[in-house]
Amino acid sequence: AILSVSSLEPSVTNTRKNTASLRLRNSVCDKNLVIVNPKIFCPDSLTVEMFPCKYVLSHLPPALFTASAEPRYPPAFDRKLSPQEVTVGDSIELECHMTGSAPIKVTWSKDHKDIRTGGNYKMSCVDNTPHLSILKADKADTGRYFCHASNDMGKDSCSSDITVKEIKNQLVSPAESKKPPVFDVPLKPLTVAEGDKLSLRCHVCGSPPLKIQWMKDRKDLTAAGSTRISFSDGTACLEISAASRHDAGDYLCKATNDAGSEFCKAKVTVQGTKNCEKIQIFLLGGDPIPSVKWMKGKWRQITHGGRISIEQKGRESKLEIREVTKSDSGQYRCVAANKHGEIESSADMHVDEKKEITNETCFLAWNPPRDDGGSKVTNYIVERRAADSEIWHRLSSTVKQTTYKTEVTGRLNAKTKLSIPAVNRRDRGSYTVTATNNMGTAKHTTYVMVLAVPERPEDLHITAVTKDSLSVAWRPPKYDGGTEVTEYVLESRMVGRDIFTRIGGDSKLMDMKFTLTGLKDGSSHEFRVAAINAVGQGKASFATKPVQPITVPSPPVNPRVKDYSKTTADLVWTKPNKDGGSPILGYTVEMKKADTEEWKKVNMDDFIKQCAYRVKGLEEGVTYRFRVNASNMIGDGEFREIPESVTAQDILIPPEIEMDATCREHVTVRVGHNINIIGYIKARPDAEVLWSKEETVLENSKRVTIVQNLPMVHLRIKEATRADHGKYILKASNVGGEASCTITVNVLDRPSHCQNLHTTYATKDSCMINWEAPKDNGGSEITNYIVECREPSISMWSMISSNCTNRKIKSKMMEGHQYLFRVCAVNKVGPGPCVETKTPLLAIDPIEKPGEPENFRATDIGKNYVCLRWRKPDYDGGSPNISYNLECIAKDAEEWVKLNTGVLTDTFFLADKCAENHTYTFR
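FYI, the UniProt record's numbering numbers position 553 of the sequence shown as 553, with every residue one higher than the one before it.
See the structure below:
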């Protein structure tokens, strides 16, 4: 029976490796079919035995047999994020690596809040490597960062702590601030062929000195072997003389100076030719599992080795021939044998040479099969695979007449032809023709190369400029059109003209560089280049920016005398408006006395690199004139003279003090941190500087450092304590006068311990705890108090209140239990030391005085003793623990005498020290 799959609602479920399950279901049929190694079959029809019948399933969709034969795995991080510590303004790079079945969704979060790309964040995921870039770190970026990965099988995550620290105060005046590096020309993605030269260039600007570091796949690169690294005039260059597949990856260039760091990166792809290979696979049956030998033709046995690999695993036997050639064509037989017998199966392999096409239509031709299997060939199936892909696409499954983008000529029993009109670059690759009849199919494959004109050459740039010449260079096009580039056409035009003119006439330009000479001074030119192959000339590259030959620079702008003294003069100027087309190498300063005509060079050794210079060795009272010029690689430019003359003499300026913005009027630091007070003093002549704290003059010591680098002065106190808080005075004086400035320094610390801790109003279930504020609040207002208690037999303290704002609090107690209490003060720095009660407090109600003892009497009297008795008072004052004091006084005596020496708790007492015939009164 022929069953249509569409009526059986087929579905594929991956059950285990190399196995697919096909479920066939309709109103009368619901069966599961297990297919082993589904990638091997890929048929249009399949014979299925479902007892007691056999079925032939036709029109099976290819998706049933292209389902993944590999098991799917949940994502897992095999390289996790690592913690980092950076300063404000730096960049942060977070990267990890994961495994798992695609597609995998990757998200990032900070402290469990999602992060979205854009602004200060950039996210990417290449080759299962998630990457998060924070372009400029801030204090708010401190926290824990998470990378989450998920697919249909599960999810996983990893995390890392990032700490962003503030930049410490730099002892540099605003005029001396430096610029961090910036890549104005970053790296660009690059694709090179295997064996070609690999060159990466970028340009960085920033305050020198600049340190350049190259990395590939986050590993440092050094200049060794075929790798060359250079850095000149802001251009960083990495060159590899012969690129290999191992050189492909992500390249990063990092620039660092004292002001910060910056990086740029690009992906490099190295293209190589893939080895052609042929694989034959046969499935075996039998018990026991048979042994296998492979034969070519009738007699030649094939053995393992070299380009040939033979492998047998269970019921599967595989023959693999790598880098096939024309001589590998022929019939291959697989012979299987066990103790019960022998069987064989064969397959024909035909290896064609690559075919090229140059016109607008590609024709594929083939002969019908030598053996049609006993059934007439009904149609052919044509498939195509792109050269850089592993997936076959079906062009036509019924090649009998003209169909979509195909044309068939000839009869099925004669030569058959496939026509693809308007062929383009995407049509290159392997083509397969499949002959089909009622018993099965047969295939044949050929490779088609599509030729076209080359693409635009890349990276056309100016390499050198002189007074009358220009040098240009470029890289070959990404795609050469399928055939070798034979020559290049270089064209130029002057700025303002419309037409490009070919350089070099009809002579062939083979090199990828050219030097143009004989240029007119001041003329600007644009260049473009095109490649030529056997098909023709391709499109020209994009034109370069206008460039002109180099001349000497123009004079510096606005030179002037900024300051002077009796022996020196400080000159400043602005760089020239025109550098002549070449970077300024430096400046030259000359001077002369006002009453002479001879100019003398001041900087004898080398060019002046900055736009400022101090002329030394002037004679006091003499008048001078100055001039300056700029130089580049062509020569010296024109001098520009400073209009005004200068007489060498000292200028009298009384001291003026300006404090740095970080320490004006108030400076606040924490205990253990350094105190830094920075000021700037303007005075002529230089002022004498004196630092003092209240009435004490400060000098250099182990903790105190005084730096005087006029106009900047700096006082530094290491590891501040509370004793360092107070008023600091900076005093500057010279012959013109004096000036002073007062700065209040507050050193923050935890508060000292609280005073006079005691309890009041104690009862059996509560008491009031009272205390006084600390003598030292630590330089910050007391925000709250922490009050705790414990029983003497327990070492752990229990919290009464952690946010008490008054200096008293009511505490609950359990009757009959004893309690100790402690309290500490808290400010914005933290809690101070605790103070605690010295004696435990018993939780009982207050005790009053007991009443008078009842029925106090003498029960027996002797010559030297008296026996006394009494009864407990009716009111014990709230406590059953009553003791007694017994006193007596003799007649005519003035003072009472205590009789009991210890604690008396009995209600009787024997007074045995009485004198005979004396009268006593007892109480």
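All C-beta atoms, glycine included, are put in the ideal place defined by N, C-alpha and C.
TODO: Quick one: grab the DSSP three-state call for PRO174.
DONE: Within the sequence shown, the letter at position 174 stands for residue 174. Caution is warranted here: a pLDDT of 40 is assigned to PRO174, below 50, making its placement in the model unreliable, and no coordinate value can be reported.
- [ ] Reducing DSSP to helix, strand and coil, say where THR227 ends up.
- [x] Counted from its first residue, the sequence shown places residue 227 at position 227. DSSP places THR227 in strand when its eight states are reduced to three.
TODO: Following the continuous beta strand (DSSP E) through VAL735, name the residue where it begins and the one where it ends.
DONE: Working through the sequence shown from its first residue, we reach residue 735 at position 735. Here VAL735 belongs to no beta strand (DSSP E), and DSSP marks it neither H nor E.
- [ ] For VAL552, collect the residues of the same chain with a Cβ closer than 7 angstroms to its Cβ; drop the 5 residues on either side in sequence, then sort them by chain order.
- [x] In the sequence shown, residue 552 corresponds to position 552, counting from 1. Counting only Cβ-Cβ distances below 7 angstroms, and skipping sequence neighbours, we find GLY580, ASN632, ILE634, GLY635, ASP636 and GLY637.
Task: Candidates ILE681, ALA543 and MET659: closest to ILE462 by CA position - done: Translated into positions along the sequence shown, residue 462 becomes position 462. For ILE462, the nearest C-alpha among the options comes from ALA543.
Task: One or two residues paired with residue 924 in a DSSP bridge - done: There is simply no residue 924 to check, as the chain begins at 1 and stops at 923 in what is shown.
Open item on the list: Can you tell me whether LYS326 is helix, strand or coil according to DSSP?
Closed with: In the sequence shown, residue 326 corresponds to position 326, counting from 1. Of the three classes helix, strand and coil, the one that applies to LYS326 here is helix, per DSSP.
TODO: Closer than 7 angstroms by C-beta to GLU619: which residues in its own chain qualify, once you throw out the five before and the five after it? Chain order, please.
DONE: Working through the sequence shown from its first residue, we reach residue 619 at position 619. Counting only Cβ-Cβ distances below 7 angstroms, and skipping sequence neighbours, we find ALA648.
TODO: Using alpha carbons as the reference points, say which of ASP860, ALA843 and THR759 lies closest to PHE821.
DONE: For the purposes of this step, residue 821 is identified with residue 821 of the sequence shown, where counting begins at 1. Considering only alpha carbons, the answer is THR759.
Task: Top-ranked residue by Cα proximity to PRO792, from ASP912, TRP896, PHE626 and LEU842 - done: Residue mapping note: residue 792 aligns to position 792 of the sequence shown, counting from 1. With distances taken between Cα atoms, PRO792 lies closest to LEU842.
Open item on the list: Using a Cβ-Cβ cutoff of less than 8 angstroms, which residues in the same chain neighbour SER226 once the five nearest sequence positions on both sides are dropped?
Closed with: By one-based count along the sequence shown, residue 226 stands at place 226. Cβ within range, chain order: ILE240, SER241 and ALA242.
- [ ] Could you tell me if ARG725 is buried or exposed, where buried requires 16 or more neighbouring beta carbons within 10 angstroms of its beta carbon?
- [x] The sequence position of residue 725 within the sequence shown is 725, counting from 1. At residue 725 the sequence reads His, which differs from the Arg that was named. Classification of HIS725: buried, given that the 10 Å Cβ count is 16 or more.
TODO: Quick one: using the 10 Å Cβ neighbour count with 16 as the cut-off for buried, is ARG923 buried or exposed?
DONE: Walking along the sequence shown from the start, residue 923 turns up at place 923. Flag for ARG923 reads exposed.
Task: Cα-Cα separation between THR406 and GLY538, rounded to whole angstroms - done: If you number the sequence shown from 1, residue 406 lands on position 406. If you number the sequence shown from 1, residue 538 lands on position 538. Note on THR406: pLDDT 39, under 50, position unreliable in the model; no value is reported.
Open item on the list: To the nearest angstrom, how far is the alpha carbon of PHE146 from that of SER469?
Closed with: Taking the first residue of the sequence shown as position 1, residue 146 is located at position 146. Taking the first residue of the sequence shown as position 1, residue 469 is located at position 469. Whole-angstrom Cα-Cα distance: 57 angstroms.
Open item on the list: Cutting at 6 angstroms between CB atoms, please list the residues of its own chain near VAL495, excluding the five before and the five after it.
Closed with: Position 495 of the sequence shown, counted from the first residue, corresponds to residue 495. Within the same chain, VAL495 has close Cβ partners SER524 and PRO546.
Task: Distance CB(LYS478)-CB(ASN437) smaller than 8 angstroms - done: Walking along the sequence shown from the start, residue 478 turns up at place 478. Walking along the sequence shown from the start, residue 437 turns up at place 437. Contact flag unset, no.
TODO: Within its chain, find whatever has a CB closer than 6 angstroms to the CB of ALA531; leave out the 5 residues flanking it on each side and keep chain order.
DONE: Position 531 of the sequence shown, counted from the first residue, corresponds to residue 531. The residues are PRO454, PRO457, PRO477, VAL485, TYR488 and GLY538.
Task: Selected residue, minimal CA-CA separation from ALA612, among VAL667, ILE657 and ASN558 - done: Within the sequence shown, residue 612 is the residue found at index 612, counting from 1. Of VAL667, ILE657 and ASN558, the residue nearest in Cα terms is ASN558.
- [ ] For ARG426, name the three-state secondary structure that DSSP assigns.
- [x] For this step, residue 426 is matched to residue 426 along the sequence shown. The answer is helix: DSSP assigns ARG426 an H, G or I state.
Open item on the list: Once DSSP output is grouped into helix, strand and coil, what is the label at ARG384?
Closed with: In the sequence shown, counting from the first residue as 1, residue 384 sits at position 384. Three-state DSSP puts ARG384 in a strand.
Task: Cβ-based burial, ASN533 [other Cβ within 10 Å; buried from 16] - done: Taking the sequence shown and counting its residues from 1, the one referred to as residue 533 is at position 533. Its Cβ being crowded by 16 or more others within 10 Å, ASN533 is buried.
Open item on the list: Taking only three categories from DSSP, how would you classify LYS139?
Closed with: For the purposes of this step, residue 139 is taken as the residue at position 139 of the sequence shown. The answer is helix: DSSP assigns LYS139 an H, G or I state.
Open item on the list: For VAL829 and LEU748, which I take to be in contact (beta-carbon distance under 8 angstroms), what is that distance rounded to the nearest angstrom?
Closed with: Position 829 of the sequence shown, counted from the start, is the residue given in the question as residue 829. Position 748 of the sequence shown, counted from the start, is the residue given in the question as residue 748. At roughly 5 angstroms, the Cβ-Cβ gap stays under 8 angstroms, so VAL829 and LEU748 are in contact.
Task: Residue-chain proximity (LEU842, chain D), Cβ-Cβ < 8 angstroms - done: In the structure shown, chain D cannot be found, because there is only a single protein chain.
Open item on the list: Check whether the segment 764-772 and the segment 707-719 are in contact - that is, three or more C-beta pairs closer than 8 angstroms.
Closed with: no
Open item on the list: Below 8 angstroms, how does it come out for the segment 769-787 and the segment 735-743: are there three or more Cβ pairs, yes or no?
Closed with: no
Task: Cβ separation of PRO850 and GLY877, assumed to be a contact under 8 angstroms, to the nearest whole Å - done: Along the sequence shown, read from residue 1 onward, the residue named residue 850 stands at position 850. Along the sequence shown, read from residue 1 onward, the residue named residue 877 stands at position 877. That pair is a contact at about 4 angstroms.
Open item on the list: Out of LYS296, LYS313, ALA365 and ARG315, which one is the CA nearest neighbour of GLN331?
Closed with: To locate residue 331, count along the sequence shown from 1; it is residue 331. The option with the nearest alpha carbon to GLN331 is LYS296.
Task: Nearest-angstrom Cα separation, counted from ALA336 out to PRO290 - done: Your numbering for residue 290 matches position 290 in the sequence shown. Your numbering for residue 336 matches position 336 in the sequence shown. In a straight line, the C-alpha of PRO290 is about 6 angstroms away from that of ALA336.
TODO: Look at the alpha carbon of GLY118 and the alpha carbon of ARG384, and state the distance between them as a whole number of angstroms.
DONE: Locating residue 118 in the sequence shown gives position 118, where the first residue counts as 1. Locating residue 384 in the sequence shown gives position 384, where the first residue counts as 1. Cα to Cα, GLY118 sits roughly 41 angstroms from ARG384.
Task: Contact between the segment 586-604 and the segment 621-630 (3+ Cβ pairs under 8 angstroms) - done: yes
Task: the segment 176-195 in contact with the segment 215-233 per 3-pair CB rule at 8 angstroms - done: no
- [ ] Ignore the nearest five residues each way along the sequence and tell me which others in HIS350's own chain have a CB closer than 7 angstroms to its CB.
- [x] Here the question's residue 350 lines up with position 350 in the sequence shown. Only SER329 and HIS444 meet the Cβ criterion.
Task: From TYR680, PHE639 and VAL667, residue whose alpha carbon lies closest to that of GLU658 - done: On the sequence shown, residue 658 is found 658 positions in, with the first residue counted as 1. Measuring from the Cα of GLU658, the nearest candidate turns out to be TYR680.
- [ ] May I have the straight-line CA-CA distance separating PRO103 from ASN151, to the nearest angstrom?
- [x] Within the sequence shown, the letter at position 103 stands for residue 103. Within the sequence shown, the letter at position 151 stands for residue 151. Taking the straight line from one Cα to the other gives about 6 angstroms.
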